[in-house]
Amino acid sequence: MRHRRIWRSATVAVSVLAGLVTAGCSKTPGERPKADYNVLLVTLDTTRADYLSCYGHTPETSPNLDALAREGIRFAKAISQSAATPVSHASILTGLNPYQHGVRVIYAEEGYRLPDNVPTLATLLKGHGWQTAAYLSSFTVSEFYGFDRGFDTFDSGLKVPAHESFQKGDGVWLWPVKENQRRSDATTDQAIAGLKQAQGPFCAWVHYWDPHDPQVLPPDDVMARFVSDGMDMPTRRRAIYAAEVFYMDSQFGRLIQYLKEAGEYEKTIIVVVADHGEGLGDHDWWFHRILYQEQIHVPLIMRVPGWPSGKVVSDLVRTVDIVPTILEALGAAPPAGVAGRSVRPLVEGQADTVRIAYADAINAFDLNSKLAEQRPLDEMLHCATDGTWKLILRPRLEDQSELYNIKDDPRETKNLYAQESGHADRLKVELAKCNGFVNKPFGAAVDPDVQARLRSLGYLGGDSSSTPPPAPTTRPATTSRP
């Protein structure tokens, strides 16, 4: 069978990849950063690029992010390495692809926690004297996943501690969703209070969760801007999503205003990126965890002191390029083995080797996912794209794979896998170099009670149908959020 050849090729290519990921590094890995800029990394959970105004959405949803884009650099074609929150964030924080950093799933016996020996942006900058702090908004980026390493302050915003978050009730295990997320205003309050205490250069990670689900909604006046009576349920759900994006943007604006008032804005490297998008009904799916463009094409905006402003980069970039870019702006090289590389040549209009973006979705072995039951074709997905051609490979069902020309067909409506075998084979070679395929579950067999617990966590990927969730018509009582 054809997929067996792919697996063999992937094994042969491991040594090839080791050389590829370090190519192009002119500085010495681990060299001390020379510039005392602050670093602000803002991650927007579950935020589609096409729901920001600067990426074309109307009505206006993101005036503050639009302003940052006008003053900095907007990347029109940024690809996330996963459509699952912990997996994607691990790539953002390390510059490594999922098969390198080892976070592959929301939960299994193994494969869900960032290993202690993997360097992150926080561990690297803390080691060079930066004060490091994280102000986060959900369980899925908490210390449970190993993301607290390197931070002097780590505020995950959880009412229920991460290690106690799984609770048993009515015979199943549940994740207290509302208690273990917080709205962007609360996270921004904490971030501003913390930054006021910073002495010397800081590296701060701020994570906003609002668009992920309608469990905790924006204030009524914001809801009224987007949601109206008489909307059908799919239209209402999309309108709520837009309202959540708008409110999140307003809180980002508060954060930027603080930096300006504190005199820190002009000496701060600012990077804003989403971990992944959301289906919202596209490709008959309302959630995430799969690899179409609405899932992995993410907004990416940077403002770097001394770099061009008002720039739009149309070349393909990846979220693994963020850490190398920040380190480049600070005058240092990334650690050896990092998959990403600095985007500075693209920003400056220089010729640069075409990037290949990798993404995967190991749904079959994720105990927090029902996709293997709901969408059997999507139980195991691997993606490679050069920005024009995009392959979604199903290694266990290879003939059901998909190939799109996303330049001509950005909504991925015409599968060319059978007609364009040359492009498909070329991208299969890129996947083989990565050796990211998985053919067995992570860890040992799991107790059935634990499996039931994990499938009831409340994460959207575990929802039981492809129909949109019920859309609340009013804002929940404030006691429902931290």
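Mapping the sequence shown onto this note's numbering, position 127 (from 1) lands on 122, and the numbers just tick up by one.
Note that the Cβ used here is the ideal one computed from N, Cα and C, for glycine as well.
For I387 against A78, the beta-carbon gap comes to about 12 Å, at or over 8 Å, which does not count as contact. The C-beta separation of V307 from A73 comes to about 12 Å, leaving the pair out of contact by the 8 Å criterion.
The shortest C-alpha to C-alpha distance from N430 to any of C378, D394, T383, L398 is the one to C378. Ranking G145, F149, Q126 by CA distance to the CA of F134 puts F149 first. When the Cα atoms are used, R232 and G225 turn out to be separated by approximately 13 Å. Between H283 and H292, the C-beta spacing is not below 8 Å.
Counting of Cβ neighbours within 10 angstroms places A85 among the buried residues, the total reaching 16 or more. By the CB criterion at 8 Å, T80 and V136 fall inside the cutoff. Taking the Cα positions, P114 is about 36 Å away from E407. Annotation: V82 is outside any beta strand (DSSP E); the continuous alpha helix (DSSP H) that includes it extends over 80 to 89. A distance of 8 Å or more separates the beta carbons of D184 and R144. According to DSSP, residue pairing for K306 in a beta bridge involves I68.
A direct Cα-to-Cα measurement between A129 and C49 gives close to 27 Å.
In the structure shown, the three-state DSSP call for Q176 is strand.
Apart from sequence neighbours up to five positions away, the residues of its chain that approach L91 with a beta-carbon distance below 6 Å are A334, ordered along the chain. For L366, the enclosing alpha helix (DSSP H) begins and ends at 366 to 369. Taking the Cα positions, A327 is about 40 Å away from E174. In this chain, M297 is not harboured by any alpha helix (DSSP H); it is covered by the beta strand (DSSP E) spanning 292 to 298. Classified as buried, V82 has 16 or more neighbouring CB atoms from the shown chains inside 10 Å of its CB. When the beta-carbon positions are compared, G276 and P229 come within less than 8 Å of each other. Comparing C-alpha distances from F146 to each of K191, I187, L131 shows the shortest one belongs to L131.
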